[in-house]
Amino acid sequence: MSAEELARRSQQGCRASFAELAERYGLRLLRFLRHQTNNVHDAEDLVQDTFVRAYANIYRYRSSYKFSTWLFTIARRLACSHLRRQGRSKVVFKARPPERSPGEELTRRETHQSLWETARTLTANQYGALWLKYAEDMPIKEIAKVMGKSQVSVKVTLYRARVRLAERLQNMAAEGRIDGKVSSEETEVFMKVEGA
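Numbering (our numbering), first residue to last: 409 to 604.
Structure below.
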């Protein structure tokens, strides 16, 4: 049964249908919110808050929209409020000391991890757009709805995020923390291939 059908049943009072939605989306929301907050405990609390808010407002859900878009919009807004309350304008980046010798090549997994860790240095909007696009595989149209922006604005945000990410990766390469140069196009391809 589709998520939209489960949501319609939830609107009619079927608690089992909402429980199924929570089961389907719980881990995806946890991953999304963990990457937004950089804190697993905050993310767990925000997942709970997201489902409480969604359940309390299920009557507002319109089946003309994808349920996942509606749910991720709630989650993103709660995460933004949480980060604002903590006084942070962007996600915190915890630098990792270089552990490898200059001649050692990074494995794809290490490169992937470095890529997402470096992405944490971007603004919350840029990071969120990258995450929704590449980790959640959302189309631009849905990302625009989740973020409350136009599709053009999302495309610009993604472009700027990829360029800034490539610049930061190039700086890391210049410092000897990673090997090679990375362009924004290569960054995009790698994010698509590797996921989250």
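Think of the CB as a built atom: it goes at the ideal place given N, C-alpha and C, for glycine as much as any other residue.
query: Going by C-alpha distance, which of R576, F459 and L438 is nearest A451?
result: Along the sequence shown, one-based indexing puts residue 451 at 43. Closest by alpha carbon: L438.
query: What do you reckon, are the CB atoms on M546 and L540 nearer than 8 Å?
result: Taking the sequence shown and counting its residues from 1, the one referred to as residue 546 is at position 138. Taking the sequence shown and counting its residues from 1, the one referred to as residue 540 is at position 132. Pairing M546 with L540 gives a Cβ-Cβ distance under 8 Å.
field: Local Cβ density within 10 Å of H490, reported as buried at 16 or more and exposed below that
entry: Here the question's residue 490 lines up with position 82 in the sequence shown. With at least 16 other beta carbons inside 10 angstroms of its own, H490 counts as buried.
Nearest to L486 (by Cα), restricted to the options Q444, F475, T526 and Y467: In the sequence shown, residue 486 corresponds to position 78, counting from 1. Measuring from the Cα of L486, the nearest candidate turns out to be Q444.
message: In chain order, what are the residue ranges of uninterrupted alpha helix (DSSP H) at least 4 long that sit wholly in the stretch 467-499?
response: The stretch 467-499 contains these whole alpha helix (DSSP H) runs: 475-493.
query: Could you give the distance in angstroms between the alpha-carbon of E544 and the alpha-carbon of R436?
result: Numbered from its first residue, the sequence shown carries residue 544 at position 136. Numbered from its first residue, the sequence shown carries residue 436 at position 28. Distance between the alpha carbons of E544 and R436 is about 8 Å.
field: Cα-Cα separation, V499 to Y535
entry: Residue 499 sits at position 91 when you count from the first residue of the sequence shown. Residue 535 sits at position 127 when you count from the first residue of the sequence shown. Note that V499 has pLDDT 42, beneath the 50 cutoff, so the model's placement of it is unreliable and no number is given.
- prompt: Would a C-beta distance cut-off of 8 Å place I466 and Q419 closer than the cut-off?
  reply: By 1-based counting over the sequence shown, the position of residue 466 is 58. By 1-based counting over the sequence shown, the position of residue 419 is 11. Yes, Cβ-Cβ distance for I466 and Q419 is below 8 Å.
task: Using three-state DSSP, classify G421 as helix, strand or coil.
output: For the purposes of this step, residue 421 is taken as the residue at position 13 of the sequence shown. Here G421 sits in coil by DSSP.
message: Spatial neighbours of L441 within its chain, please: C-beta separation below 7 Å, excluding the five flanking residues on both sides.
response: Translated into positions along the sequence shown, residue 441 becomes position 33. Cβ neighbours of L441 beyond the five flanking positions: A451, L454, V455, A483 and A487.
field: Distance between F459 and E413 (C-alpha atoms, nearest Å)
entry: Position 5 of the sequence shown holds residue 413. Position 51 of the sequence shown holds residue 459. If I take the Cα positions, the gap works out to 17 Å.
message: Measuring alpha carbon to alpha carbon, tell me which residue in F475, L573, N447 and R416 is nearest S432.
response: On the sequence shown, position 24 is the one that residue 432 refers to. One point to set straight first is that residue 432 is Arg, not Ser, in the sequence displayed. When each option's Cα is compared against that of R432, the closest is F475.
- prompt: Could you give the distance in angstroms between the alpha-carbon of A424 and the alpha-carbon of G584?
  reply: Position 16 of the sequence shown, counting from 1, holds the residue named residue 424. Position 176 of the sequence shown, counting from 1, holds the residue named residue 584. Straight-line Cα distance between these residues: approximately 53 Å.
Straight-line gap, S472 to R416 (C-alpha atoms, nearest Å): Walking along the sequence shown from the start, residue 472 turns up at place 64. Walking along the sequence shown from the start, residue 416 turns up at place 8. The straight-line gap from Cα to Cα measures roughly 11 Å.
query: Considering E575, what are the terminal residues of the alpha helix (DSSP H) in which it resides?
result: The sequence position of residue 575 within the sequence shown is 167, counting from 1. Where E575 is concerned, the enclosing alpha helix (DSSP H) stretches over Q559 to A582.
query: Would you call R570 buried or exposed, if buried means 16 or more other Cβ atoms sit within 10 Å of its Cβ?
result: Here residue 570 is taken as the residue at index 162 of the sequence shown, counted from 1. Its Cβ being crowded by 16 or more others within 10 Å, R570 is buried.
query: Are there 16 or more other CB atoms within 10 angstroms of the CB of A574, so buried, or fewer, so exposed?
result: Reading the sequence shown from its first residue, position 166 is the one you call residue 574. Looking at its Cβ environment, which holds 16 or more other Cβ atoms inside 10 Å, A574 is buried.
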